[in-house]
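Working notes, beginning with the structure itself.
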Amino acid sequence: GAVVSQHPSWVICKSGTSVKIECRSLDFQATTMFWYRQFPKQSLMLMATSNEGSKATYEQGVEKDKFLINHASLTLSTLTVTSAHPEDSSFYICSARDLGHYNEQFFGPGTRLTVL
Amino acid sequence: EDQVTQSPEALRLQEGESSSLNCSYTVSGLRGLFWYRQDPGKGPEFLFTLYSAGEEKEKERLKATLTKKESFLHITAPKPEDSATYLCAVQASYNQGGKLIFGQGTELSVKP
Chain A
1 GAVVSQHPSW VICKSGTSVK IECRSLDFQA TTMFWYRQFP KQSLMLMATS NEGSKATYEQ
61 GVEKDKFLIN HASLTLSTLT VTSAHPEDSS FYICSARDLG HYNEQFFGPG TRLTVL
Chain B
117 EDQVTQSPEA LRLQEGESSS LNCSYTVSGL RGLFWYRQDP GKGPEFLFTL YSAGEEKEKE
177 RLKATLTKKE SFLHITAPKP EDSATYLCAV QASYNQGGKL IFGQGTELSV KP
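Note that the protein sequences, when read in sequence, are chains A and B.
Count the first sequence with our numbering and you get residues 1 to 116, in order.
Count the second sequence with our numbering and you get residues 117 to 228, in order.
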């Protein structure tokens, strides 16, 4: 149980294009999902908190117009990187909060984004 | 300010050599402390949640303990497949949204 999937697992795009990453909780409902970014040899950096049916809450320094988050259902959240540039290249990971398991968070496998 | 510090940054062990990883935290009321394992190029894998001082949890060769200021992840007789980065995170009681504050991680390498 408590499986979170992400799609795609990796993506390469040209500078200026937009990329959408999906995060799904497969066997539980997640009213809250989180989006993280991770640089090589560093820990996870929280970008935003996504609540089903409402606007995402962004961490300080994260551009909400560049990183669009939509949480349209209890099992799906999407992160769209708009007008991507090489500096947006990173490992993006989502997590889902399982209220049925004492607030534990389960992470997806991550998406490697490379912007050329 | 809420903070999580993990030590050491890197740990090299021989197979069978037991050791401990430390996670020191400062938080305004602890809702929960979480341990994750992360392999290169993958998302973190949930290991344990601890909620109150004195609590202990075990899974195979791993045992997590919690005090009011720190948590330890004890690894007994490690095997090469235990090599990974171990992440510690805390959730503050005032944070109803569930936000986690992560430490920098301990990179564990177990040599055969």
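Where is the CB? At the ideal position from N, CA and C, for every residue including glycine.
- Neighbours of ASN70 (chain A) across chain B, judged by C-beta separation under 9 Å, do not exist; the nearest C-beta is about 18 Å away.
- Judged by DSSP secondary structure, SER225 (chain B) falls within the beta strand (DSSP E) whose first and last residues are 222-227.
- The beta carbon of ARG147 (chain B) falls within 9 Å of a beta carbon belonging to chain A, placing the residue at that interface.
- By the Cβ criterion, the region 166-175 of chain B is not in contact with the region 122-136 of chain B, since fewer than three pairs of Cβ atoms, one from each stretch, lie closer than 8 Å.
- In this structure, ASP118 (chain B) sits near TYR141 (chain B), with a CB-CB distance shorter than 9 Å.
- When secondary structure is reduced to three states using DSSP, GLY100 (chain A) falls in the helix class.
- Across the structure, VAL120 (chain B) and LEU26 (chain A) are spaced so that their CA atoms are roughly 30 Å apart.
- Residues of the same chain with a CB within less than 7 Å of the CB of LYS64 (chain A), apart from the 5 flanking positions on each side, are TYR58 in chain order.
- For VAL19 (chain A), the pairing in a beta bridge is given by DSSP as A:VAL81.
- When only Cα atoms are considered, PHE67 (chain A) and ALA193 (chain B) end up about 44 Å apart.
- Contacts with chain B at 9 Å (Cβ-Cβ) do not include PRO8 (chain A).
- Three or more Cβ pairs closer than 8 Å define a contact, and the region 99-108 of chain A falls short of that threshold against the region 48-62 of chain A.
- Sequence-ordered contacts of the region 95-113 of chain A with chain B read ARG97, TYR102, ASN103, GLU104, GLN105, PHE106, PHE107, GLY108, PRO109 and GLY110 [C-beta pairs closer than 7 Å].
- In chain order, GLU104 and PHE106 make up the part of chain A whose C-beta sits under 7 Å from the C-beta of PHE162 (chain B).
- Taking the Cα of PHE218 (chain B) as reference, the smallest distance to any Cα among B:VAL143, B:SER135, B:ARG177 and B:LEU178 is reached at B:VAL143.
- Per DSSP, SER135 (chain B) is one residue of the beta strand (DSSP E) stretching across 135-142.
- Chain-ordered listing is empty here: chain A has no CB closer than 8 Å to the CB of GLN119 (chain B), the nearest sitting near 12 Å.
- Only those residues of the region 158-191 of chain B whose C-beta falls short of 7 Å from the nearest C-beta of chain A are listed: LYS158, GLY159, PRO160, PHE162 and THR165.
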